[in-house]
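Here the structure comes first, spelled out in structure tokens, and everything after it is commentary.
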Amino acid sequence: MTRAWQRMLSGRRLDLLDPTPVDIEIEDIAHGLAFVARWNGQTRGDWPYSVAEHSLLVEHLFARNNPGIAPRWRLAALLHDAPEYVIGDMISPVKAAIGPAYGELDARLTAAVHLRFGLPATLPAAIKAAIKAADRLSARLEAVQIAGFSEAEAARYFGRPSPGLSMNVTIAPRPPAEVRAAYAARHHALMAEIDAARD
């Protein structure tokens with residue numbers, strides 16, 4: 007019988023074909039994402055630029071470019087690539103080659119992650135679009151600063167940022183253990199903000 011689940015360091019067994027929120031732990035997500043390299047590892051520096059580091063940047067850009075946004079939506083920005091803790095980070099050309107199956111798997115995992123942390127399974131369209139804008143801005147910054155793209159190439163593949171979006175960010179990859187701790191700490195801080203807003 008084909009195994010469709012992965013054992014996590016927390017002891018959870020996550021079924022990739024039918025993921026349930028109870029099998030999702032932030033420590034597993036933080037650990038997995040901190041060890042998944044973006045850009046297929048083709049980045050400058052002594053450390054790979056991880057999906058966890060990227061996610062922290064996206065949450066930062068999202069919050070900065072949407073002043074006053076509720077903490078639950080900042081949490082959604084932090085978790086926007088959470089499924090990659092089990093399915094890895096694939097560059098866009100590979101996703102296109104695989105076809106819709108990758109998107110369906112990602113969507114199932116995303117819904118389970120969202121439900122685990124009190125978010126709607128499907129985000130409101132405006133929030134999803136704002137997170138995507140921050141994601142694209144992050145990719146553009148990464149492309150130029152650490153992935154060897156020229157400004158012209160970055161503009162061609164990732165677009166020009168909308169007027170008013172802040173570009174003042176310096177990217178410096180860090181050791182996985184440091185990024186893992188930072189990701190988990192940011193998650194816990196946002197959950198505390200969400201809980202405080204409910205009181």
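205 is the number that the numbering used here gives the last residue of the sequence shown; the numbers go up by one with no jumps. Using N, Cα and C, we set each Cβ at its ideal position, and we do this for glycine too.
request  = Under 7 Å Cβ to Cβ from Gly165, same chain only, skipping five residues before and after it: list those, please.
outcome  = Excluding positions up to five away in sequence, the list reads Arg142.
query = By how many angstroms is the C-alpha of Thr176 removed from the C-alpha of Glu90?
reply = Glu90 and Thr176 have their alpha carbons spaced roughly 24 Å apart.
ask   = What's the C-alpha gap between Gly105 and Ser98?
value = It is roughly 11 Å from the alpha-carbon of Gly105 to the alpha-carbon of Ser98.
Host alpha helix (DSSP H) of Asp34 (start-end) = That run of the alpha helix (DSSP H) goes Ile32 to Ala40.
ask   = With a cut-off of 8 Å, do at least 3 Cβ pairs link the region 148-158 to the region 18-28?
value = As far as the Cβ criterion goes, the region 148-158 does not touch the region 18-28, which means the pair count is below three.
ask   = Can you pull the DSSP bridge partners for Asp21?
value = Within the DSSP secondary-structure output, Asp21 pairs in a beta bridge with Trp11.
key: Test item: CB-CB of Ala127 and His120 under 8 Å   = Their beta carbons are under 8 Å apart, which means Ala127 touches His120 by this criterion.
query = Taking Cβ to Cβ, would you say Arg44 is nearer than 8 Å to Tyr55?
reply = Their beta carbons are under 8 Å apart, which means Arg44 touches Tyr55 by this criterion.
ask   = To which residues of the same chain is His37 closer than 7 Å at the C-beta, ignoring the five residues directly before and after it?
value = Closer than 7 Å at the Cβ level, and outside the excluded window around His37, lie Leu15 and Arg186.
request  = Could you check the C-alpha separation between Ser61 and Ile93 for me, to the nearest Å?
outcome  = In a straight line, the C-alpha of Ser61 is about 16 Å away from that of Ile93.
key: Inter-residue Cα distance where the pair is Arg204 and Glu59   = Rounded to the nearest angstrom, the two C-alpha atoms are 29 Å apart.
request  = List in chain order: all unbroken alpha helix (DSSP H) runs of 4+ residues lying wholly within the region 102-152.
outcome  = List check, alpha helix (DSSP H) in window: 106-122 and 131-151.
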